[in-house]
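As structure tokens, the structure follows; a few thoughts come after it.
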Amino acid sequence: MRDHRFSELRLDRIGRNFGELAALHELSLTIRGGEFIALLGPSGCGKSTALNCLAGLLPLTTGTIWLDDKRIDGLPPEQRGFGMVFQNYALFPHMTVRENIAFGLKMRKTPRADIRSRADEVMRLVRLEDQAEKLPSQLSGGQQQRVAIARAIVYEPPLVLMDEPLSNLDAQLRQAMRIEIKHLHQALGLTTIYVTHDQEEALSMADRLVLLREGVVQQVGTPDEVYSQPANRYVAGFMGYRNMLSFDVASVSTGHAVLEEEGVRLQGRTFTPLTAKRAVAAIRPEDIVVEGPPPNRIDVTAEVVEYHGREMLVEARMTGGEALYFRTEKRLAVGDKTTVSVPQERVLIYPADAPAAPQEVAV
Amino acid sequence: MTAASPSAASRLTAGSGTPSLRHRLADRGIDRVLLLLVPGILFLLLLFVYPFLYGLQLSFSPQIDGGQALMNGYQGPLANYLYFFGDSYQRDTIWTTLVIGLPAALVNVLVSVPIAYRMRGRFRFKRTLTTLLVVPIALGTVLTADGLIEYLGPAGWLNKALVDFHVINEPLTLVHNYWGVFFSLVITGFPFAFLLVLSYLSGIDPNLERAASVMGAGWWERFRRVTLPLLVPGLAITFCMSFVLAFSVFPSANLVGDPSGTTRVISIAAYHAAFEQFDYSLGSATSMIMGAVMLAIIALVLGWRNTMFRGPAGGKG
Amino acid sequence: MAAAANVPADMAPAAPRRRFRPSGIAGWVVWGLVAFFFLNLFALIATVVLDSIATTWFGSWLPDDFTNHWYGDAWAEFNLSDILVVTAQVAVIVVVLSVLIGVPAAYALARRNFPGKSIITVLFLLPILIPPITYGIPLATVLYKVQLAGSITGVILANLVPTVPFVVLIMIPFIEQIDPKIESAARMCGASTVTIFLRILGPLMIPGMLAAAILVLVRTVGMFELTFLTSGPTSQTIVVVLYDAVFGAGIRAPQEVDAMAVVYTASMLVLLIIALRFVNPTQLVTRVGDR
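Protein chains in written order, with my numbering: chain D, -11 to 351; chain H, 13 to 329; chain U, 942 to 1232.
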């Protein structure tokens, strides 16, 4: 293990406006050396803006960035010394694999012999020894990806920024590269900030996740925290809580609430105080049990049944007319009436009109 | 992101404090990179815009010393223009130029369409063919004129062939008149029009015609109802550019034409005034008139084009 | 264009390149028109070439006899070596200057959106769209006023007016297709702005600059109007001398004029062959049509 070259990278209320639009609003985050951070959110949520601001490719509108005691937000990208992997790799098309990888070392006026040995070492690390003299256009997508990673880590940057690096690869390769990136991160003791819109990718790779929506942080937490205790209904929706059922609030106690609508009663957990009359219950399709035990029993009629191998994905209609999605191994047919239920600790209840403004993070 | 989302308002001017001027300018795309434009713009201002404005101003101040307008009794800032339109020898150059330029441009475009349509696909020798077509453009009007004088002359191959095969009895007069200029415009103008039409045709997604043929359209209907409407905007541009080339005909009007009579085009009149009579003022005025007539025709054609469909005709990308 | 070029016209996607074979009346008419055009074009050039090596030729199919002395005569009489030197000087300097001025401007236009960009784009388009004879007369008048007309400098300045915009127009799409992320990547690797231009953008732009340069070369050597309007006795390029010789026909033997025409044609064809190694024939015509 190498040392992390810094102990703390501190983002202090950094923001970036494009004209009148705040693409990123006052993001504050402290990253420890060696951490793997994922910035997660749909396109346009500000995660790439945040990354580019960190890299120095975009100037900040507000806020400051500190690397330990050194303020770096005024430095141009070439003087920050970070490594970056771009979504479409951005390899220099006129340079061979070796030249691409050696470029950063050359810029640092590394002695020629060192350049060679370090480039060789990194190429071995990403298994590109045999491709050293090829041009990027002669490589496959996965190989290009590895060149991009090698180019970003060869000069041992304090921080590696990755902008959706796997989004151009097919599903199988993506799986393999995930493991490879995670492995490199650990083996080299890198500090990594990883931007993605794929929640599965973020959950499986990161030490901590930062969820963004329309430029505003929604939640910061470990994969487990974000997955099991989404801070608001937006995060819940993004984390796979596909059913968002709108109900009247019947009763509220600490950390617990009962909802009622059209004869259906739902009990569940709350993280935020319910003040309004209406609330939303977030439920994952896989948490619903067909003909399960009470409480939280709902009568439904199956409307669409999709075959997904061992399981079926069912779109059913509740008596009130709202759609309910669930997964089941039971063989249901269109038009079948059945009763489903959800364990009450798996029902998350949020205020109906949750604002997108920063929440008190529930961790 | 949807503008209607409840949080959209909170995103507007959310930053605390106003960003620096430099930052705001950079947001609008104004930064040091634009300095790269400075030499180019200075250059154009100095050698293109300034001469044009200078010429415009000059055309409104008739030359005192040897000025044609004053000598012919025209006064005031408009004297050059009054003289030009008052004197039939000058005025008729507009008509002469149109009579040569419009048919030549029209022929070049109209002949290009069926040929380009037949050749729009891919076939062997296509590159050779397009390469050969570039030759007359690259050789230019001067060489074409020189060749035409001999080839179309009374003792040239064409007349000799026609007489020997008893198509005609007397050699045709094909040079030093209207036809000489017309042929020279076709030889240099047709390849130009053809290559443009071909590139427009290649920009139309071939799947559209396939779709039409699946729906039962024959080749004529496919061309008439699918390809042609999509091609028309491109044809309008091609016509404009061919016309501009033909309208500014100068060397061939002098060499293979009849520069003091039937092919005294407006560019000859402008050159004659400026560099043979040394009346720069009248020369500039004539240039301005030439530009104005050209613009008027282009405006007409493009105005008509704007009434047509102008969306993208390509397939992917 | 690229998408369409991959598909043969005969609705059989898998078919290899097909031979162009006339079929049907329409096909024969089209084929005939093309053949007729090339026949005449070929005859026109052949006439000039044959005449330049003919002792005398009038009224017969072929010249009476052949000789090569017209070339020596023309070379001496027209001072062809001087003229070719002037032509080469003008062309090379125009190429270098228009690339130096045009490429940076194209970079700015390709990479930035700023208020007034459309006006500047139009400004760069106008000298290409407006025929030279139209703006050439006021331009020559100004050059006469500042006493640059007649000199090689004047000819170069006048020729730059269409070529700088031409370089800009060719380079803009070329630069646009270079991913700006590549510049960012170089920056992240620690490269300064100068290094990026020298080591990343420079090598990537070379094919485009080469194409632009060769096209400017062809255009400048063939440019008649602007050179004609601004040149003096010591600054004429070969195409202007050729024009004067044809215009003043009768003073000299026509074969001598044709010998010079062949020299001009040959040098143009050499340039053209070089040019076509780097660019598509349509590019020689214009890039405007593609937009």
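Cβ atoms here follow ideal geometry from the backbone N, Cα and C, with glycine treated the same way.
Problem - Which of helix, strand or coil DSSP assigns to residue 174/D - result: When DSSP states are grouped into helix, strand and coil, residue 174/D belongs to the helix group.
Handout entry: Residue-chain proximity (residue 302/H, chain U), Cβ-Cβ < 8 Å
Key = So yes, residue 302/H belongs to the interface.
Handout entry: Proximity test, Cβ basis, 8 Å: residue 159/H and chain U
Key = Output row for residue 159/H: interface = yes.
Problem - Segment contact, 8 Å Cβ cut-off, at least three pairs: the region 286 to 304 of chain H with the region 1076 to 1085 of chain U - result: Judged by Cβ distances under 8 Å, the region 286 to 304 of chain H makes contact with the region 1076 to 1085 of chain U, as three or more pairs qualify.
Problem - Whether residue 339/D touches residue 233/D by CB criterion (8 Å) - result: The criterion of a C-beta distance shorter than 8 Å is not satisfied by residue 339/D and residue 233/D.
Exercise for the section: Report the three-state DSSP secondary structure of residue 1119/U (helix, strand or coil). Expected result: DSSP places residue 1119/U in coil when its eight states are reduced to three.
Exercise for the section: Name the one or two DSSP bridge partners that residue 59/D has. Expected result: Paired residue(s): 54/D.
Exercise for the section: Under 8 Å by Cβ, that's how I've got residue 149/D and residue 103/D pegged, so tell me the actual separation to the nearest angstrom. Expected result: Not confirmed; about 23 Å, so no contact.
Practice task
Would you mind reading off the limits of the alpha helix (DSSP H) that contains residue 290/D?
Solution key: Here residue 290/D belongs to no alpha helix (DSSP H); instead the beta strand (DSSP E) covers 285 to 296.
Handout entry: Rounded straight-line distance, which links the Cα of residue 1178/U to that of residue 1026/U
Key = Approximately 9 Å, taken between the alpha carbons.
Practice task
Pull up the distance between the alpha-carbon of residue 348/D and that of residue 219/D, whole angstroms please.
Solution key: Residue placement at residue 348/D cannot be trusted, given a pLDDT of 39 that sits under 50; what the coordinates show is reported in the next sentence. Each residue's CA atom was taken as its position, placing residue 348/D and residue 219/D some 8 Å apart.
Exercise for the section: Please list the partners that residue 1183/U has in chain D, where partner means a Cβ-to-Cβ separation under 8 Å. Expected result: For residue 1183/U, no chain D residue has a C-beta closer than 8 Å to its own C-beta; the minimum C-beta separation is roughly 42 Å.
Exercise for the section: From the DSSP output, in three-state form, read off residue 960/U for me. Expected result: With a pLDDT of only 47 at residue 960/U, under 50, the local geometry of the prediction cannot be trusted, and no value is derived from it.
Handout entry: Beta carbon proximity, residue 347/D to chain U, threshold 8 Å
Key = Per-residue confidence for residue 347/D stands at a pLDDT of 41, beneath the threshold of 50, marking its modelled position as unreliable; no derived number is given.
Practice task
Look at the Cβ atom of residue 1106/U, then the Cβ atom of residue 1068/U, and state whether they are nearer than 8 Å.
Solution key: Cβ distance < 8 Å, so residue 1106/U and residue 1068/U count as in contact.
Exercise for the section: Report the option in 71/H, 136/H, 37/H and 158/H whose CA atom is closest to the CA atom of residue 1184/U. Expected result: Answer by Cα proximity: 158/H.
Exercise for the section: Buried or exposed for residue 307/D, please, with buried defined as at least 16 other CB atoms from any protein chain shown within 10 angstroms of its CB. Expected result: Residue 307/D should be labelled exposed.
Practice task
State the Cα-Cα distance for the pair residue 221/H and residue 240/H, rounded to the nearest angstrom.
Solution key: Cα to Cα, the separation comes out at about 11 Å.
Problem - Neighbouring residues, chain H, relative to residue 1002/U (Cβ below 8 Å) - result: 169 and 172, listed in chain order.
Handout entry: Cβ pair residue 991/U, residue 1004/U closer than 8 Å
Key = Yes, they are a contact pair.
Handout entry: Under 8 Å (Cβ pairs) to chain D, residues found in the region 1113 to 1131 of chain U
Key = Hits within the stretch, in order: 1120, 1122, 1123, 1125, 1126, 1127, 1128, 1129, 1130 and 1131.
Exercise for the section: Please work out which residues of its chain come closer than 8 Å, Cβ to Cβ, to residue 1118/U, disregarding the five sequence neighbours upstream and downstream, and give them in chain order. Expected result: If we look at residue 1118/U and ignore the five residues flanking it on each side, it has no Cβ neighbours.
Handout entry: Euclidean distance between Cα positions of residue -6/D and residue 56/D
Key = Linking residue -6/D to residue 56/D through their CA atoms gives a straight-line distance of about 6 Å.
Handout entry: Minimum Cβ-Cβ distance from residue 180/H to chain U less than 8 Å
Key = It does not: the Cβ of residue 180/H has no partner Cβ on chain U nearer than 8 Å.
Handout entry: Enclosing beta strand (DSSP E) for residue 192/H [first to last residue]
Key = From DSSP, residue 192/H is part of no beta strand (DSSP E) but of the alpha helix (DSSP H) over 190 to 214.
Handout entry: Segments assigned alpha helix (DSSP H), at least 4 residues, entirely inside the region 1110 to 1191 of chain U
Key = Along the length of the region 1110 to 1191 of chain U, whole alpha helix (DSSP H) runs at least 4 residues long occupy 1121 to 1129, 1143 to 1163, 1166 to 1171 and 1179 to 1188, reported in chain order.
Practice task
Closer than 9 Å by beta-carbon distance: list the chain U residues that pair up with residue 6/D, in chain order.
Solution key: For residue 6/D, none of the residues of chain U pass the 9 Å Cβ criterion, the least Cβ distance being about 12 Å.
Handout entry: chain H contact for residue 263/D (CB, 8 Å cutoff)
Key = Cβ-Cβ to chain H under 8 Å: no for residue 263/D.
Handout entry: Within-8 Å CB hit, residue 49/D to chain H
Key = By this cut-off, residue 49/D is an interface position.
Handout entry: Separation of residue 246/H from residue 948/U, as counted between CA atoms
Key = Summary for residue 948/U: the model assigns pLDDT 34, below 50, so the residue's position carries little reliability; its value from the coordinates is reported in the next sentence. Their backbone Cα atoms lie some 21 Å apart in a straight line.
Exercise for the section: Classify residue -11/D as helix, strand or coil using the three-state DSSP reduction. Expected result: Note that residue -11/D has pLDDT 41, beneath the 50 cutoff, so the model's placement of it is unreliable and the number below is only indicative. In the displayed model, residue -11/D falls within coil according to three-state DSSP, outside both helix and strand.
Problem - C-beta contact flag for residue 4/D and residue 45/D at 8 Å - result: Residue 4/D is not a Cβ neighbour of residue 45/D, given a cutoff of 8 Å.
Handout entry: residue 992/U: contacting residues in chain H (beta-carbon distance under 8 Å)
Key = Going along chain H in sequence order, the residues near residue 992/U (Cβ under 8 Å) are 162.
Problem - Backbone CA spacing between residue 168/D and residue -4/D [nearest angstrom] - result: The alpha-carbon atoms of residue 168/D and residue -4/D are separated by roughly 25 Å.
Practice task
Grab the span of the alpha helix (DSSP H) containing residue 95/D for me, first residue to last.
Solution key: 85 to 95 is the extent of the alpha helix (DSSP H) around residue 95/D.
Exercise for the section: Take every Cβ of the region 141 to 156 of chain H, pair it with every Cβ of the region 213 to 232 of chain H, and state whether three or more of those distances are shorter than 8 Å. Expected result: Contact between the region 141 to 156 of chain H and the region 213 to 232 of chain H is absent, because fewer than three Cβ pairs lie under 8 Å.
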